[in-house]
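2 protein chains.
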Amino acid sequence: METRELRYFVAVAEELHFGRAADRLGMAQPPLSRAIGHLERRLGVSLFTRTSRAVALTPAGTVLLREGRAALDAMEAAERRTQRAVDGTERLVLVTKAGASSDLLPKLLDAYAAEPGSVPVDVILCGVAEQESHLRDGRADVALLHLPFDSTAGFDTEELVTEGQVLILPGGHPLSTRTSITMAELSGIPLPRWPGHNGAYADGPGPEVRDHAQLLQLISLGRAVAVLPESCRPLLPYDLTVVPVTDAPQVTTVIAWPPHSRSRPLATLIRTATRL
Amino acid sequence: METRELRYFVAVAEELHFGRAADRLGMAQPPLSRAIGHLERRLGVSLFTRTSRAVALTPAGTVLLREGRAALDAMEAAERRTQRAVDGTERLVLVTKAGASSDLLPKLLDAYAAEPGSVPVDVILCGVAEQESHLRDGRADVALLHLPFDSTAGFDTEELVTEGQVLILPGGHPLSTRTSITMAELSGIPLPRWPGHNGAYADGPGPEVRDHAQLLQLISLGRAVAVLPESCRPLLPYDLTVVPVTDAPQVTTVIAWPPHSRSRPLATLIRTATRL
DNA sequence: CCCACCGATACCGTGCGGGTATCGTTCGCG
DNA sequence: CGCGAACGATACCCGCACGGTATCGGTGGG
Numbered sequence: 001m002e003t004r005e006l007r008y009f010v011a012v013a014e015e016l017h018f019g020r021a022a023d024r025l026g027m028a029q030p031p032l033s034r035a036i037g038h039l040e041r042r043l044g045v046s047l048f049t050r051t052s053r054a055v056a057l058t059p060a061g062t063v064l065l066r067e068g069r070a071a072l073d074a075m076e077a078a079e080r081r082t083q084r085a086v087d088g089t090e091r092l093v094l095v096t097k098a099g100a101s102s103d104l105l106p107k108l109l110d111a112y113a114a115e116p117g118s119v120p121v122d123v124i125l126c127g128v129a130e131q132e133s134h135l136r137d138g139r140a141d142v143a144l145l146h147l148p149f150d151s152t153a154g155f156d157t158e159e160l161v162t163e164g165q166v167l168i169l170p171g172g173h174p175l176s177t178r179t180s181i182t183m184a185e186l187s188g189i190p191l192p193r194w195p196g197h198n199g200a201y202a203d204g205p206g207p208e209v210r211d212h213a214q215l216l217q218l219i220s221l222g223r224a225v226a227v228l229p230e231s232c233r234p235l236l237p238y239d240l241t242v243v244p245v246t247d248a249p250q251v252t253t254v255i256a257w258p259p260h261s262r263s264r265p266l267a268t269l270i271r272t273a274t275r276l
Numbered sequence: 001m002e003t004r005e006l007r008y009f010v011a012v013a014e015e016l017h018f019g020r021a022a023d024r025l026g027m028a029q030p031p032l033s034r035a036i037g038h039l040e041r042r043l044g045v046s047l048f049t050r051t052s053r054a055v056a057l058t059p060a061g062t063v064l065l066r067e068g069r070a071a072l073d074a075m076e077a078a079e080r081r082t083q084r085a086v087d088g089t090e091r092l093v094l095v096t097k098a099g100a101s102s103d104l105l106p107k108l109l110d111a112y113a114a115e116p117g118s119v120p121v122d123v124i125l126c127g128v129a130e131q132e133s134h135l136r137d138g139r140a141d142v143a144l145l146h147l148p149f150d151s152t153a154g155f156d157t158e159e160l161v162t163e164g165q166v167l168i169l170p171g172g173h174p175l176s177t178r179t180s181i182t183m184a185e186l187s188g189i190p191l192p193r194w195p196g197h198n199g200a201y202a203d204g205p206g207p208e209v210r211d212h213a214q215l216l217q218l219i220s221l222g223r224a225v226a227v228l229p230e231s232c233r234p235l236l237p238y239d240l241t242v243v244p245v246t247d248a249p250q251v252t253t254v255i256a257w258p259p260h261s262r263s264r265p266l267a268t269l270i271r272t273a274t275r276l
């Protein structure tokens, strides 16, 4: 199977429409139809059920969409990591959520820079749920993830720190005088919604937020309250109040990397992180 | 990057010889040279240093070999799993070492077959260190691996059972009267060597073995002794003696599967395994 | 009932992948 | 020291497969 065919297939599988898919791929519709036909004939499997009005995935097509995306990610990762491996300019790319691990990250970077044989580290701060794809498609070499929010499926990981969570409130909020609180007491309050793995938001009450800066501004405006890991405290504006949530799930920060690609600099970074 | 180019690159990187690589690929040498040249130009990195006498990988080439193999495995896996997903004939392919988990496996298969919604399970018994590639390139959906011997890098796993190890001896062996033994006492005895991840054997003393049947025959012949997990006992010929090794590393059997590809039947199998 | 939509088919041109022949360089050997 | 063998690069040619345009066939909506 050629990557070109697989890209074509994924486009059609996502659009479920040959015309739009061809458009997205920058080509005409007939060769796309033909390419998919070729692919189906060569695999010996029907991937789509098509009527002249609708296109749908067969079970085999569903499998190929899932596995094919992973394969395309692996191809992209191979390409990107190779391009970054030009002689003498070795670097590491670390990705993490903007606003998270605000105390851990500088410590880690300083400690690693002091290690013998360390290389420059580029830091990518991205929105929630983008780190995984960065790691999967080779834009990054290593990530700081936060359980139970992020999934570590397919990555090797080491646990770094575990912490409790706190409730963040605007200054004048009725609950801001409390010294602690439980999840049960928050059950009626809509918490902000983060984008899922596909980048879309689940339905429900509560404001849609994309990153911490946005969230904190909404809280300052009295439009939201949120439960966040304790380590976000140093980043809070002065006008917000913090109330420990006694029974919120513990948040574990882990360092994660793709299971192959364990270069010497990466191994050093991981070792440094676990020793902090 | 097209898979064809990547296959070409891997062939050259493994042979370190354009002529032999072209031979292996069933093509002539000039188009292969040209394809590699194209790839290098498009990636913007040099992958090989070539003189007219020798070909060697650059650092970037080393990265591409590692990442590219993973990507090709992912492509193959996508293809194979898709072909196996033809409607109505869903099956699971389980791979494990021949001779290992001899008690666990039938129990698991029986328990799973009794589950509602279970599908037929094909069992592949293979040599040591082949399971990982089966799982990686889509020939299998799920594997029983044994820590610390196998690597679970890149797979999701659940621990199933942990057991000690025992020393297997031919009947008349001087140590066969012992009721227990320690690793230190075995330090002078050469233990059999298993093939590594590349299929090659490490240098050193001790016979080279490929599977359990071969090993047990060598032990019966008095040409080897071995330390194996306790669960191999039911498979031993009557003329072998077993001595518990008190301080041998514990062996953990885990069920492992690729982190994506979590179909309903697979999830059921995993759940069944963890409940045994 | 007709038209609009959409995927499949027919047909054509061209670019690229692969073949053969040959060159340039380098090492080994007489 | 010079010749030949080994090996990758280059030159050149061919065929095919990929992509484009035009059109068909079937289906559902107005």
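Heads up: the protein sequence lines correspond to chains U and R, in order.
In this text, residue positions in the first sequence follow the UniProt record's numbering: the first is 1, and each later residue adds one.
In this text, residue positions in the second sequence follow the UniProt record's numbering: the first is 1, and each later residue adds one.
Even glycine gets a Cβ: it sits at the ideal position worked out from N, Cα and C.
Mind checking whether the beta-carbon of residue i lies closer than 7 Å to any heavy atom of the ligand FAD?
i       : result
U:Thr82 : The ligand FAD is absent from the structure shown, which contains no ligand whatsoever.
For the alpha helix (DSSP H) containing residue i, list its first residue and its last residue.
i        : result
R:Asp203 : Here R:Asp203 belongs to no alpha helix (DSSP H), and DSSP marks it neither H nor E.
U:Leu32  : Gln29 to Leu43
R:Ala143 : Note, R:Ala143: premise wrong, no alpha helix (DSSP H); beta strand (DSSP E) at Val142 to Leu147.
R:Leu25  : Phe18 to Leu25
Counting only Cβ pairs nearer than 9 Å, list the residues of chain U close to residue i.
i        : result
R:Ser261 : Val63, Arg66, Glu67 and Ala70
Does the distance from the CB of residue i to the CB of residue j come in under 8 Å?
i                      : j        : result
R:Val128               : R:Val243 : no
R:Ala71                : U:Met75  : yes
U:Ile168               : U:Leu105 : no
U:Pro192               : U:Pro205 : no
U:Gln131               : U:Val86  : no
residue 277 of chain U : U:Ala100 : The structure shown does not extend to residue 277 of chain U, since chain U is modelled only from 1 to 276, so the question has no answer here.
U:Thr272               : U:Leu57  : no
R:Cys232               : R:Ser46  : no
U:Leu6                 : R:Gln83  : no
R:Pro265               : R:Ser118 : yes
R:Ile181               : R:Val251 : no
U:Asp211               : U:Ala98  : yes
R:Leu215               : R:Ala200 : no
U:Phe155               : U:Leu135 : yes
Let me make sure I understand the geometry here. Which of the options has the alpha-carbon closest to that of residue i?
i        : options                                   : result
U:Ala256 : U:Val245, U:Leu269, U:Gln250 and U:Thr246 : U:Leu269
R:Val161 : R:Thr152, R:Leu175, R:Leu145 and R:Ser176 : R:Leu145
R:Leu221 : R:Arg210, R:Asp137, R:Thr152 and R:Pro237 : R:Pro237
R:Thr253 : R:Gly164, R:Gly26 and R:His17             : R:Gly164
U:Val63  : R:Ala267, R:His260, R:Thr274 and R:Ala273 : R:His260
U:Gln29  : U:Asp137, U:Gly37 and U:Phe18             : U:Phe18
U:Ala140 : U:Lys97, U:Ala224 and U:Val93             : U:Val93
U:Ile53  : U:Leu16, U:Gly154, U:Gly138 and U:His134  : Note that residue 53 of chain U is Arg in the sequence shown, not Ile. Answer by Cα proximity: U:Leu16.
U:Glu230 : U:Ala98, U:Ala248, U:Leu215 and U:Asp137  : U:Ala248
U:Gly26  : U:Asp122, U:Ile36, U:Leu216 and U:Tyr8    : U:Tyr8
U:Leu276 : U:Met183, U:Glu159 and U:Gly171           : U:Glu159
R:Ala35  : R:Val55, R:Glu67, R:Met1 and R:Gly171     : R:Met1
For residue i, return the contacting residues in chain U, with the cut-off set at a CB-CB distance below 8 Å.
i       : result
R:Val45 : Thr82, Gln83, Ala85 and Val86
Is residue i helix, strand or coil when you go by DSSP?
i                      : result
R:Phe9                 : helix
U:Val225               : coil
U:Val63                : helix
U:Pro195               : coil
R:Asp137               : coil
R:Thr162               : strand
U:His212               : helix
U:Pro106               : helix
U:Pro234               : helix
R:Pro249               : coil
R:Leu57                : strand
R:Pro170               : strand
R:Pro116               : coil
R:Ile270               : helix
R:Ile219               : helix
residue 281 of chain U : A question about residue 281 of chain U goes unanswered here, because the residues of chain U that appear run from 1 up to 276.
U:Asp156               : strand
Which residues in chain R have a C-beta closer than 7 Å to the C-beta of residue i? List them in chain order.
i       : result
U:Glu79 : Met1 and Leu43
U:Pro59 : Ala85 and Asp87
U:Met75 : Met1 and Ala71
For a contact defined as C-beta to C-beta under 8 Å, what are the partners of residue i on chain R?
i        : result
U:Ala153 : Asp156, Pro259 and His260
Go to residue i, then tell me how far its beta strand (DSSP E) extends in each direction, as first and last residue.
i        : result
U:Asp122 : Val121 to Cys126
U:Arg50  : Phe48 to Arg50
U:Val95  : Leu92 to Lys97
Who are the neighbours of residue i on chain U, taking C-beta pairs under 7 Å?
i      : result
R:Arg4 : Glu2
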